[in-house]
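Participant: So that we are looking at the same thing, I have put the structure below in structure tokens.
In my numbering, the protein residues as written are 503 to 829.
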């Protein structure tokens, strides 16, 4: 096992897939000469040249559409959005083109494309650049959506996404690029559509994805000091959703708290909480708890931006309510 950063894991995944398959190309703003806005594509231009690592104009709709067309023609593009906040400009190309073309062609066309880039809250970037937009993509049939929460999953899920014959959206956490963790030395693929139990427990299930998995693990450590044994489930894949793993955990513990760094209304976390409440109704000993960002635009002030986001302390409070230990 090598200890590398989240950023390095993504870079290694793209490097290996570009070496394995000459049809894999990378395109996006500053991905070539500048090595990417977050340095995820460092060194790839020197290895694979400007025909496979393409700097694009600042036009998300344009280069996303270019990638979709290339995918139909047999290329396997990796489209880097500098941030998912900017990807809103390309919604039509993703939702109405990439996600629908297999259906619209009666199964005749495949669109093997990856859309990736940082998602979720950052620091000191205020309301237009600190948004968790997972529900935009998870809402759409025809897309696969993954959210790696550690370097090993960043590596394994991105490799699986690049090899997939359907469009895959990869939600990277902007605040986790420097986080380090163990990644297998050899080739390692993570199955899309499979959740992971990252901490076993019997007292309550904490269900999260992306960066909030880190908060859930921190909360579980705090709860352990109170004698509460929390299980942590990392969804990893939002579409398809591994309900089997989630429901097995909740049936074991009888209680659940779902964590999502997006706004609460129409969020992935709200949907997961709904599914738990519906599927596991007879096994639940308390209502399903839900921790999300506050329903406000992200403030610029650092103390305020931290206050509106999920945290380990907020998760602990939700667990204590679920256990009827606090009001």
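Think of the CB as a built atom: it goes at the ideal place given N, C-alpha and C, for glycine as much as any other residue.
Please read all numbers here as calculations on a predicted model, not as lab measurements.
Which residues mark the beginning and the end of the alpha helix (DSSP H) in which residue 823 is found?
Facilitator: Start and end: 814-824.
Participant: Quick one: is residue 741 buried, meaning 16 or more other Cβ sit within 10 Å of its Cβ, or exposed?
Facilitator: So residue 741 ends up on the buried side.
Participant: Please say whether residue 539 and residue 685 have beta carbons closer to each other than 7 Å?
Facilitator: It is not a contact, given that the beta carbons lie outside the stated cut-off.
Participant: Tell me, to the nearest whole angstrom, how far the beta carbon of residue 763 is from that of residue 623; I am working on the premise that it is less than 8 Å.
Facilitator: The pair is a contact, with the Cβ atoms about 6 Å apart (cut-off 8 Å).
Participant: Rounded to whole angstroms, what's the CA-CA distance from residue 604 to residue 535? Just pull it up for me.
Facilitator: Distance between the alpha carbons of residue 604 and residue 535: 34 Å.
Participant: In angstroms with no decimal places, state the Cα-to-Cα distance between residue 469 and residue 761.
Facilitator: Because the chain spans 503 through 829 in this model, residue 469 falls outside it and cannot be assessed.
Participant: Could you name the residues of the same chain whose beta carbon sits closer than 6 Å to that of residue 679, not counting the 5 residues immediately before and after it, in chain order?
Facilitator: 508, 509 and 540.
Participant: What three-state label does DSSP hand residue 523 in the structure shown?
Facilitator: In the structure shown, residue 523 sits in coil (DSSP, three-state: anything other than H, G, I, E or B).
Participant: Roughly how far, in whole angstroms, is the beta-carbon of residue 620 from the beta-carbon of residue 531, given that I think they are within contact range, below 8 Å?
Facilitator: Wrong, their Cβ atoms sit about 13 Å apart, outside the cutoff.
Participant: Report all residues from its chain with a CB closer than 7 Å to the CB of residue 558; omit the five preceding and five following residues, and keep chain order.
Facilitator: So the list reads 529, 530, 531 and 565, once near-sequence residues are dropped.
Participant: Can you tell me which of the three DSSP states residue 790 falls into?
Facilitator: In the structure shown, residue 790 sits in coil (DSSP, three-state: anything other than H, G, I, E or B).
Participant: Return the Cβ separation of residue 778 and residue 810 in integer angstroms, given the expectation that the two are a contact with Cβ distance under 8 Å.
Facilitator: About 24 Å separates the two Cβ atoms, so there is no contact after all.
Participant: Mind checking residue 708: buried by the 16 CB within 10 Å criterion, or exposed?
Facilitator: Classification of residue 708: buried, given that the 10 Å Cβ count is 16 or more.
Participant: Could you tell me whether the region 514-527 touches the region 539-555, using the rule of 3 or more Cβ pairs below 8 Å?
Facilitator: Flag = yes, the region 514-527 and the region 539-555 touch.
Participant: Return the bridge partner residues of residue 617 from the DSSP annotation.
Facilitator: BP columns for residue 617 point to 581 and 671.
Participant: Among residues of its own chain, excluding the 5 on either side of residue 704, which ones have a beta-carbon nearer than 8 Å to its beta-carbon?
Facilitator: Within the same chain, residue 704 has close Cβ partners 731, 733, 754 and 755.
Participant: Roughly how many angstroms separate the alpha carbons of residue 654 and residue 825, rounded to a whole number?
Facilitator: Straight-line Cα distance between these residues: approximately 33 Å.
Participant: Measuring alpha carbon to alpha carbon, tell me which residue in 816, 542, 670 and 758 is nearest residue 789.
Facilitator: Cα-wise, what sits closest to residue 789 is 758.
Participant: Would the region 789-799 count as touching the region 608-620 if we require 3 or more Cβ pairs under 8 Å?
Facilitator: With the cut-off at 8 Å, the region 789-799 and the region 608-620 do not touch.
Participant: Residue 600 and residue 643: beta carbons closer than 7 Å?
Facilitator: Not a contact, by the Cβ cut-off of 7 Å.
Participant: Below 8 Å CB to CB, which residues in the same chain sit around residue 782 once its five sequence neighbours on both sides are set aside?
Facilitator: Excluding sequence neighbours, residue 782 sits near 749, 752, 753 and 758.
Participant: My parser needs the alpha helix (DSSP H) runs of 4 or more residues fully inside the region 698-739; what are they?
Facilitator: As far as the region 698-739 is concerned, its whole alpha helix (DSSP H) runs of at least 4 residues are 714-726.
Participant: Runs of 4 residues minimum, wholly inside the region 637-685: which ones carry the alpha helix (DSSP H) assignment?
Facilitator: Within the region 637-685, the complete alpha helix (DSSP H) runs of at least 4 residues are 653-665.
Participant: Buried or exposed, going by whether 16 or more other CB atoms sit within 10 Å of the CB of residue 659?
Facilitator: Under this definition residue 659 is a buried residue.
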